[in-house]
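Below is one structure; the comments refer to it alone.
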Amino acid sequence: MVTFSLTVLMCAGLFLLLWGAVGFVQDKRFFSSAPKEIQEAAQPKSERFAGQHVLGWCMLILALAMMLGAVVLGVWHGIRSGFTFAQFFIRFLIMFLGMKAFDILVFDWFLLCHSGFFPHYYPEVRQIVGPHLFGYNLKSHLAEITAYVIASVLIALLCTVIF
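This is how it looks when you write it as structure tokens:
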């Protein structure tokens, strides 16, 4: 139950990160993982209301704190519960891969391909987004999954060797 709750916290942080970056900060540097067509079409935006960019940066900071906090709580709870290497590894693998599944299903499939999320903030991409974009970043997803497996091993090692 704790691992599931921490995974939900990671996913909420990831969503807040995307929403803050796309909807409020609106800096093209955050579009590096978007399809090339969207990167090219998206135009810089001025603030729609006073403090929009500040709100966005606050959302990004809160999102990162939520995600880091989930990892710290996962470590802390595991140490208190006497987790073994395998238990730590499985916990963090579930958390990271759960977040990745959320990324693929919610961000890529739903928000990018089947909703008006991106066109709401960037109307110029309305004709670009759609189901044809699903899977455009397969290589980066596979690289992230590999990195998450490695990170899970390293965290599990640190938690069982150092603590």
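Going by the working numbering, the first residue of the sequence shown is number 11, and it counts up by one from there.
C-beta atoms are modelled at their ideal positions from N, C-alpha and C, and glycine is treated no differently.
Sort the options by Cα distance to residue i and report the nearest one.
i, options, result
"LEU148", "TRP119, PHE128, LEU26", "TRP119"
"LEU143", "GLU47, GLY66, LEU24", "GLU47"
Is it buried or exposed, residue i, if we count other Cβ atoms within 10 angstroms and call 16 or more buried?
i, result
"SER56", "exposed"
"ARG101", "buried"
"GLU134", "exposed"
"LEU164", "exposed"
"GLY145", "exposed"
"ALA44", "buried"
"LEU168", "exposed"
"PHE99", "buried"
"VAL171", "exposed"
Residue range of the alpha helix (DSSP H) that residue i falls in?
i, result
"ILE71", "62 to 90"
"MET109", "95 to 112"
"PHE120", "Neither: PHE120 is in no alpha helix (DSSP H) and is coded neither H nor E."
"LEU168", "148 to 171"
"PHE41", "Per DSSP, PHE41 belongs to no alpha helix (DSSP H) and is neither H nor E."
List the whole-angstrom C-beta distance separating residue i from residue j, where the pair is believed to meet the contact cut-off of C-beta under 8 Å.
i, j, result
"VAL139", "LEU122", "6 Å"
"GLN49", "PHE41", "5 Å"
"MET105", "MET20", "6 Å"
"LEU27", "ALA80", "Actually they are not in contact, since the Cβ atoms of LEU27 and ALA80 sit about 13 Å apart, beyond 8 Å."
So, helix, strand or coil for residue i, using DSSP?
i, result
"VAL18", "helix"
"LYS55", "coil"
"PHE34", "helix"
"PHE127", "helix"
"GLN49", "helix"
"GLY140", "coil"
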